[in-house]
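Going by my numbering, the sequence shown opens with residue 11, and the numbers climb by one from there. No residue lacks a Cβ here, since even glycine has one placed at the ideal position from N, Cα and C.
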Amino acid sequence: MGVIMEDLAGISERIGQLKAQINHHNYRYHALDSSEVSDAEYDALMRELKQLEEQYPRFLTVDSPSQRVGAEPVAAFGVVEHPLPLLSLGNAFSRDELEAWSTRTSKLIEGEQLKFTCEHKIDGLAVALTYVDGQLSTGATRGDGFRGENITQNLRTVRSVPLSVGKGAPSRFEARGEVFLPKAGFQRLNQDREAEGQPLFANPRNAAAGSVRQLDPRITARRPLDIYIYALGPVEGGTIPESHWETLEYLKTLGFKVNPNNALLADIDRVEEYYKDWLDKKEDLPYEADGVVVKIDSFILQQRLGNVGHEPRWAIAYKFPAVQGTTRLNSIEISVGRTGTLNPVAVLEPVRLGGVTIKQAALHNEDDIRRKDIREGDRVLIQRAGEVIPEIVGPTPESRENPDREEEFSLLGKVKNDRGEPICPVCGSAVIKPEGEVMYYCSNAACPAQVQQRIEHFVSRGAMDIRGIGQAQITALLSEGLIEDVSGLYSLKDKREQLLELERMAEKSVDNQLKAIDNSKDRSLERLISALGIRHVGSEMAQVLAQEFIDLDDLGNASREKLISIDSVGPKIADSIIAFFGQEENNRIIRRLKETGVNPKAEKAESEKLLLSGTEFVITGRLESFGRQEAAEKIKALGGTAKDNVTRNTRYLVVGEDPGAGKLKQADKLKTERIDETAFLGKIGEG
Ligand code: IVH
11 MGVIMEDLAG
21 ISERIGQLKA
31 QINHHNYRYH
41 ALDSSEVSDA
51 EYDALMRELK
61 QLEEQYPRFL
71 TVDSPSQRVG
81 AEPVAAFGVV
91 EHPLPLLSLG
101 NAFSRDELEA
111 WSTRTSKLIE
121 GEQLKFTCEH
131 KIDGLAVALT
141 YVDGQLSTGA
151 TRGDGFRGEN
161 ITQNLRTVRS
171 VPLSVGKGAP
181 SRFEARGEVF
191 LPKAGFQRLN
201 QDREAEGQPL
211 FANPRNAAAG
221 SVRQLDPRIT
231 ARRPLDIYIY
241 ALGPVEGGTI
251 PESHWETLEY
261 LKTLGFKVNP
271 NNALLADIDR
281 VEEYYKDWLD
291 KKEDLPYEAD
301 GVVVKIDSFI
311 LQQRLGNVGH
321 EPRWAIAYKF
331 PAVQGTTRLN
341 SIEISVGRTG
351 TLNPVAVLEP
361 VRLGGVTIKQ
371 AALHNEDDIR
381 RKDIREGDRV
391 LIQRAGEVIP
401 EIVGPTPESR
411 ENPDREEEFS
421 LLGKVKNDRG
431 EPICPVCGSA
441 VIKPEGEVMY
451 YCSNAACPAQ
461 VQQRIEHFVS
471 RGAMDIRGIG
481 QAQITALLSE
491 GLIEDVSGLY
501 SLKDKREQLL
511 ELERMAEKSV
521 DNQLKAIDNS
531 KDRSLERLIS
541 ALGIRHVGSE
551 MAQVLAQEFI
561 DLDDLGNASR
571 EKLISIDSVG
581 PKIADSIIAF
591 FGQEENNRII
601 RRLKETGVNP
611 KAEKAESEKL
621 LLSGTEFVIT
631 GRLESFGRQE
641 AAEKIKALGG
651 TAKDNVTRNT
661 RYLVVGEDPG
671 AGKLKQADKL
681 KTERIDETAF
691 LGKIGEG
């Protein structure tokens with residue numbers, strides 16, 4: 011039966027819509043590291059587009075997002091051309107689809123005995139690492155598959171990326187793998203971002219991409235990134251194994267980290283078992299996996315099968331089902347956060363999702379709720395991405411169309427008093443909204459909700475790490491008047507009798523708690539700065555500050571200019587620090603902390619993670635690639651130092667055009683190693 015004209019117009023229009031939507035999501039995902047839709051929703055759009063294009067090839071255009079591998083690289087990093095494109099993978103969403111793939115492939119290579127490797131599809135970022143003469147020379151993102159970004163300096167800070175490989179490696183080769191942020195690191199990073207008032211990363215992939223694509227490699231170095239290598243790219247000057255599995259074994263012998271959960275399996279039933287097994291166990295993995303990558307093991311067969319577009323016929327991603335469901339959004343309540351933020355919280359009709367019952371979900375702020383058009387009483391689509399607090403994707407289409415929906419959400423409307431003025435729902439103080447911020451705040455620093463959470467934050471693992479004191483205990487201590495703020499914890503040892511009177515407090519637990527409090531006096535300056543809960547100062551920023559200041563007094567006395575002169579401290583952070591130390595209440599707490607023996611001094615910054623830490627350079631003569639000043643900055647950014655004179659501490663003398671005779675002579679005398687510009691570029695990863 012033919013298709014009537016109107017249908018064709020409709021199909022063309024739908025294809026246009028799908029392309030526009032996918033392009034938009036691609037840009038958010040790859041360029042902004044901040045996607046608005048779940049992987050499942052994205053996959054559904056792409057599937058629909060591919061199906062329509064397959065059915066109506068006349069509408070297939072070369073610029074269709076179905077024909078691309080990813081997004082274009084960002085110019086700031088410099089572009090790396092991939093000598094062999096980094097491919098993408100087709101998906102299977104069910105056992106039937108997996109079997110259809112296996113049948114299709116088997117037919118193409120009839121009579122061959124197939125073996126499959128199975129690997130976890132980790133939610134991270136694909137990278138290509140090029141090694142020349144045993145040394146890591148370039149690290150690049152996948153980008154659009156043909157051209158990626160040069161992120162060598164950042165990848166060098168990932169501890170599991172070998173900077174050099176064992177003898178006997180091919181003279182030039184590329185190792186490909188997935189850089190990722192383990193679940194724990196992802197959670198910590200998001201907690202930090204919350205404390206710093208920055209938007210949260212929606213998933214570990216975005217967080218890994220955001221970490222690896224930092225213009226300042228020192229920031230990357232602070233993130234606990236990891237890598238699993240899953241393939242060899244182009245190889246020169248060496249022979250490679252004949253199968254994928256042997257290649258993975260070979261990569262291990264070169265010093266690469268290969269996922270120990272990979273398996274070589276004899277048939278598709280075993281593949282299904284592997285998938286099912288990990289579907290059950292994936293919550294226990296230290297990283298987020300969104301499926302299993304199934305690859306035909308033999309390279310000869312891989313070659314015979316070839317690719318369709320950017321997807322190899324010899325591999326497929328067998329995706330885990332997205333953990334999604336729908337439920338009713340009963341109401342949106344407002345809770346008060348540690349820094350006084352008024353946080354909207356979704357109260358849901360309890361629903362089981364991925365093995366847990368969900369009653370609440372995070373709603374980030376009023377703008378976000380309005381953008382997603384979420385209203386009380388709606389049926390909403392919710393999803394849980396691994397360990398992340400469940401989030402609301404949006405109302406179901408039926409709810410959106412319901413004529414009797416509640417009004418658009420208004421945060422201030424939720425916290426009005428009898429006279430119609432917005433007030434803090436906990437302490438009744440005025441509500442403020444600082445210019446340029448999306449959050450509303452309770453204006454009263456002594457608000458009980460804030461005080462309680464400040465103490466909870468102070469004792470938490472990432473801060474002063476005082477074990478055995480939890481939320482309930484803090485509530486009790488506050489309500490009994492045993493403490494008023496964090497400094498009070500250190501005077502509790504004089505109140506042992508009163509502590510014993512608290513509910514459920516036996517001698518032993520009181521002693522343990524007092525000991526834990528006492529032990530925390532030795533925590534580092536960095537931890538203490540982070541524990542104070544200064545707005546916009548999370549643990550990463552605390553680390554930066556602890557490297558610049560001797561102690562809390564030194565930080566508290568710093569001028570705005572001094573603060574802003576520190577790399578990665580902007581005006582917003584500087585102002586927040588100044589405001590914190592400008593409050594008498596905070597200074598009183600700091601004084602009392604000092605009196606009770608909490609006054610750590612800075613330890614010498616350990617930046618050994620960086621490539622050139624502890625390496626001193628002297629440059630003499632002109633360099634072709636950049637000026638001396640710029641070269642010095644590059645050395646510094648990698649943790650090294652650049653000096654003007656050759657001394658015993660000088661590791662390398664970089665010799666450019668027209669070098670200074672004095673420096674050469676001094677270097678000879680001290681037997682300092684001389685290197686030319688090319689070698690220097692190699693050392694700073696730009697060779
Ligand atoms: S193989 C020839 N193996 O999935 C296929 N990819 O859509 C090339 N990924 O860009 C990729 N874990 O970011 C392969 N064990 C694994 C993987 C993996 C994660 C990602 C990778 C790639 C995407 C393919």
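- Under the Cβ criterion (8 Å, minimum of three pairs), the segment 90–104 counts as touching the segment 316–331.
- For residue 625, the secondary structure class from DSSP, reduced to helix, strand or coil, is coil.
- Taken in chain order, the unbroken stretches of alpha helix (DSSP H) that lie wholly in the segment 56–119 and span 4 residues or more are 105–118.
- Annotated as distal: residue 448 and residue 435, with beta-carbon spacing of 7 Å or more.
- Secondary structure of residue 498 (DSSP, three-state): helix.
- Under the 10 Å beta carbon count, residue 257 is surrounded by 16 or more other beta carbons and is classified as buried.
- Secondary structure of residue 519 (DSSP, three-state): helix.
- According to the DSSP assignment, residue 122 belongs to no alpha helix (DSSP H), since it is labelled neither H nor E.
- Each residue's CA atom was taken as its position, placing residue 369 and residue 184 some 48 Å apart.
- Comparing C-alpha distances from residue 588 to each of 367, 26, 627, 570 shows the shortest one belongs to 570.
- For the pair residue 271 and residue 130, the CB atoms are nearer than the 7 Å cut-off.
- Secondary-structure assignment with DSSP links residue 336 through a beta bridge to 391.
- Taking every protein chain shown into account, the CB of residue 188 has 16 or more other CB atoms within 10 angstroms, so this residue is buried.
- Note on geometry: alpha-carbon atoms of residue 59 and residue 52 lie some 11 Å from one another.
- At a Cβ-Cβ threshold of 7 Å, residue 345 and residue 355 count as neighbours.
- Here residue 686 has 665 as same chain residues with Cβ atoms under 7 Å from its own Cβ, once five neighbours each way along the sequence are excluded.
- For residue 390, the distance from the CB to the nearest heavy atom of the ligand IVH is not below 6 Å.
- Between the C-alpha atoms of residue 278 and residue 99 there is a straight-line separation of about 18 Å.
- The beta carbon of residue 497 sits closer than 6 Å to those of 599, 602, 603, all from its chain and outside the five residues before and after it, given in chain order.
- Taking the Cβ of residue 297 as the reference point, every heavy atom of the ligand IVH lies at 6 Å or farther away.
- In the displayed model, residue 536 falls within a helix according to three-state DSSP.
- According to DSSP, residue 442 shares a beta bridge with 451.
- Spanning the alpha carbons of residue 423 and residue 385 requires a straight line of approximately 13 Å.
- For residue 193, the secondary structure class from DSSP, reduced to helix, strand or coil, is helix.
- Here DSSP, grouped into helix, strand and coil, assigns residue 19 to helix.
- Contact between the segment 512–532 and the segment 546–559 is not established, with fewer than three Cβ pairs separated by less than 8 Å.
- The Cβ atoms of residue 288 and residue 127 lie no closer than 7 Å to each other.
- Rounded to the nearest angstrom, the gap between the Cα atoms of residue 47 and residue 157 is 25 Å.
- With 16 or more neighbouring CB atoms inside 10 Å of its own CB, residue 75 falls in the buried class.
- For residue 98, the shortest separation between its Cβ and any heavy atom of the ligand IVH lies below 6 Å.
- In the DSSP annotation of this structure, the continuous segment of the alpha helix (DSSP H) that includes residue 285 starts and ends at 278–291.
- Annotation for residue 192 indicates a beta carbon at 6 Å or more from all heavy atoms of the ligand IVH.
- For a cut-off of 8 Å, the C-beta gap from residue 336 to residue 451 is around 33 Å, too long to register as a contact.
- With 16 or more other Cβ atoms from the protein chains shown falling within 10 Å of its own Cβ, residue 160 counts as buried.
- For residue 373, there is no enclosing alpha helix (DSSP H), as DSSP gives it neither H nor E.
- No heavy atom of the ligand IVH is found nearer than 6 Å to the CB of residue 227.
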